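Residue numbers (this note's numbering), protein chains in the order written: chain C, 916 to 1203; chain B, 8 to 339.
Below is one structure, written out as structure tokens; the observations come after it.
Here you go:
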């Protein structure tokens, strides 16, 4: 299995982003995904900056993919998407059907991102006709889904599964960070920048529950499939994705790299992911 | 603009037709639609009778097959497409590309509408579904502002239907896994959001009621506080030390006052949400919207929303509150 770095889901200062990717360039990763996937108002890096950074990273010989926004609403967002699609060199991870259409119209092969709704082999086949070469599984899908697809579809594209990080669970027109700060979305002051790993949301009994991240809602903790790497291998998963977080990313990459090189597994550091076992995502099946 | 009303049962269908719906949308009694609730929806016989009733009065019936089948489930969705076509429905409302593709190949003359669950929010996405599956209409997710809706209508890739009234999903439809994450019951896969079997009400000694969903605390209510149905998005949570409706308060969408602008934009159909609601809701909401649309047709310049209509609609709104929702920028 190959190791990938998923797109940065948070809003970090420009210099922090550049420093992060300078480091990431040194990490033992096979693929780096980058680009703004959550909110088009996050412009510490503009689309052309992301493209330039992606091209620089690709110059080091690594596979680099540009990830597109999950929820497009405005014409300006489509223009930015068009620039991404027409970057002239790198594949795009399509995170909505607008991206699929722009890529398909240009005959460009692409990666299907986790925000596309791909639930069966018929949909997968249609997207493969459109140019899909790799699919990052949607968060709801686990081992059983892969096995079922394999039984029905031939050939499958490359399959990528999120192995580490907070999973994106929902997208909205509303900005929940702005709401939590009692600000209007149109006048948000770009305050996401103060929350480099999102804003924790807990139940009224104090249980960590979700993470608020701009217009998206994520799991509270990082989901960790390190202990299940054997099962990923057995299911024929081709790539394991790690989502960036503010601290400790180098160690996370190193641990997963080591486990992949040794064909081994990892002790659990993060949360169990119930989805992998075909149950509710939050259920900790193997919890003591 | 056509008025498209919900029916979760034969009496609701009849109520919608009797009170002026141009079309009624329904689902089969299984997981092929996004309101797969116990006791709701139509058997084949129900639907046959419903279509006869509607067609005799010059109205249409649409069937929603708008969930996403797994590979082994796809056959059941395809069979539902065939069943709906055989019964003579006027359109299918679908989200899954595999289902749309099957419907197009097998029943090319039966109009296909892209469901709100298909999450198409731009003219590029609409072009995809138009070119790939020849959709005749698209229902827009409840995330766009009025200006964005107007622009999509201008670009005229495909005729546009929008939500006019009913419960408000705060998340983009088709791309919300909150219920799935907490309960395993997924709107996309199972047509279910926050199923009743996962809900537990716990009354404490002081009269405070707590409500959990699959064991996760969604909210607590004081003895005199009205309590709504506990979906994840409408609970109260703690963010930065403050407890509030961090995602959305229980309100309903009501676009009545936007009617002239929606018409001017070229929206072809208005959808009322609520297949899970009863016959009384369907009758009352349909009647108000019919009257509003008829009065708009008679007097486009001088149209004003009647306060009596708004009072009537507010009666049916969740939490007795209504909002223009995402159509209005300040809501975001």
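Ideal placement from N, C-alpha and C gives every residue a C-beta, glycine not left out.
Please read these numbers as outputs of a predicted model, since none were measured by experiment.
Subject >> Every unbroken alpha helix (DSSP H) within the region 179 to 213 of chain B, with a cutoff of 4 residues, ordered by chain >> reply: 185 to 190 and 194 to 197
Original post:
Bridge partners of residue 165/B, per DSSP?
Top reply: Residue 165/B pairs with nothing; no bridge assigned.
Subject >> Cβ-based burial, residue 1044/C [other Cβ within 10 Å; buried from 16] >> reply: exposed
Subject >> With 16 other Cβ atoms within 10 Å as the buried cut-off, status of residue 1083/C >> reply: Around the beta carbon of residue 1083/C, a 10 Å sphere encloses 16 or more other beta carbons of the protein chains shown; the residue is thus reported as buried.
Subject >> Presumed contact (8 Å Cβ cut-off) between residue 1141/C and residue 1194/C, rounded CB distance >> reply: For a cut-off of 8 Å, the C-beta gap from residue 1141/C to residue 1194/C is around 19 Å, too long to register as a contact.
Original post:
In whole angstroms, what separates the C-alpha of residue 309/B from that of residue 12/B?
Top reply: 26 Å
**OP:** Return the CA-CA distance between residue 224/B and residue 1119/C, expressed in angstroms with no decimal places.
**Re:** 7 Å
**OP:** Mind listing the chain B neighbours of residue 953/C? Cutoff is C-beta to C-beta under 7 Å, in chain order.
**Re:** Taking the beta carbon of residue 953/C as reference, no residue of chain B falls within 7 Å; the closest one sits roughly 13 Å away.
**OP:** Quick one: which unbroken beta strand (DSSP E) runs of 3-plus residues sit fully inside the region 222 to 291 of chain B? Chain order, please.
**Re:** Runs of the beta strand (DSSP E) inside the region 222 to 291 of chain B: 223 to 228, 244 to 246, 249 to 251, 259 to 261 and 276 to 279.
Original post:
Are residue 1153/C and residue 1073/C close, meaning C-beta to C-beta below 8 Å?
Top reply: yes
Original post:
Whose C-beta lies closer than 6 Å to the C-beta of residue 1134/C among residues of the same chain, with five residues either side of it excluded?
Top reply: 1081 and 1082
Subject >> Under 7 Å from the C-beta of residue 1067/C: neighbouring residues of chain B >> reply: 78
Original post:
Do the region 250 to 261 of chain B and the region 132 to 146 of chain B make contact, defined as three or more Cβ pairs closer than 8 Å?
Top reply: no
Original post:
Looking at C-alpha atoms only, which residue of 71/B, 73/B, 78/B and 45/B is the closest neighbour of residue 1066/C?
Top reply: Checking every option, the nearest Cα to that of residue 1066/C belongs to 78/B.
**OP:** Buried or exposed for residue 337/B, please, with buried defined as at least 16 other CB atoms from any protein chain shown within 10 angstroms of its CB.
**Re:** Residue environment analysis places residue 337/B among the exposed positions, since fewer than 16 neighbouring C-beta atoms fall within 10 angstroms of its C-beta.
**OP:** Compile a chain-ordered list of the residues in the region 1100 to 1128 of chain C whose CB is closer than 8 Å to at least one CB of chain B.
**Re:** 1100, 1101, 1114, 1115, 1116, 1117, 1118, 1119, 1120, 1121, 1122, 1124, 1125 and 1127
Original post:
Just how far apart, CA to CA, sit residue 152/B and residue 127/B?
Top reply: 14 Å
Subject >> Partners in chain C for residue 414/B, counting only beta-carbon separations shorter than 8 Å >> reply: In the structure as shown, chain B starts at 8 and stops at 339, and residue 414/B therefore has no counterpart that could be examined.
Original post:
So, is the C-beta of residue 1187/C closer than 8 Å to a C-beta in chain B?
Top reply: no
**OP:** Give the range of the alpha helix (DSSP H) segment to which residue 59/B is assigned.
**Re:** 51 to 63
Original post:
What is the DSSP secondary structure of residue 1139/C, reduced to helix, strand or coil?
Top reply: strand
Subject >> Reduced DSSP category for residue 931/C - H, G, I as helix; E, B as strand; rest coil >> reply: helix
Original post:
Between which two residues does the beta strand (DSSP E) carrying residue 1178/C extend?
Top reply: That residue, residue 1178/C, is in no beta strand (DSSP E); it is neither H nor E in DSSP.
Subject >> Cα-Cα separation, residue 989/C to residue 1014/C >> reply: 14 Å
**OP:** Determine, using beta carbons only, whether residue 1064/C comes closer than 8 Å to chain B.
**Re:** At least one chain B Cβ lies under 8 Å of residue 1064/C.
Original post:
Any beta-carbon of chain C closer than 8 Å to the one on residue 100/B?
Top reply: no
Subject >> Pairwise C-alpha distance: residue 1186/C and residue 32/B >> reply: Computed Cα separation, rounded: 41 Å.
Subject >> Check: residue 1111/C C-beta below 7 Å from any heavy atom of the ligand FMN >> reply: Because no ligand of any kind appears in the structure shown, any question about the ligand FMN cannot be addressed here.
Original post:
Excluding five sequence neighbours on each side, which residues of the same chain lie with their C-beta closer than 8 Å to the C-beta of residue 1126/C?
Top reply: 1081, 1112, 1113, 1114, 1115, 1116, 1132, 1133, 1134 and 1135
**OP:** Give the interface partners of residue 1196/C over in chain B, defined as CB-CB distance under 9 Å, in chain order.
**Re:** Chain B residues near residue 1196/C: 184, 187, 188, 189 and 191.
Original post:
Which of the residues in the region 306 to 335 of chain B, read from start to end, lie with their CB under 8 Å from any CB of chain C?
Top reply: 333
Subject >> residue 1009/C at chain B interface by Cβ criterion, 8 Å >> reply: no
**OP:** Establish whether the CB of residue 181/B and some CB of chain C are separated by less than 8 Å.
**Re:** yes
Original post:
Can at least three beta-carbon pairs, one atom from the region 59 to 75 of chain B and one from the region 102 to 116 of chain B, be found at a separation below 8 Å?
Top reply: yes
**OP:** Using the Cα positions of residue 931/C and residue 1108/C, report the straight-line distance between them to the nearest angstrom.
**Re:** C-alpha separation (whole angstroms): 11 Å.
Subject >> residue 994/C - DSSP class collapsed to helix/strand/coil >> reply: In this structure, residue 994/C counts as helix in the three-state DSSP scheme.
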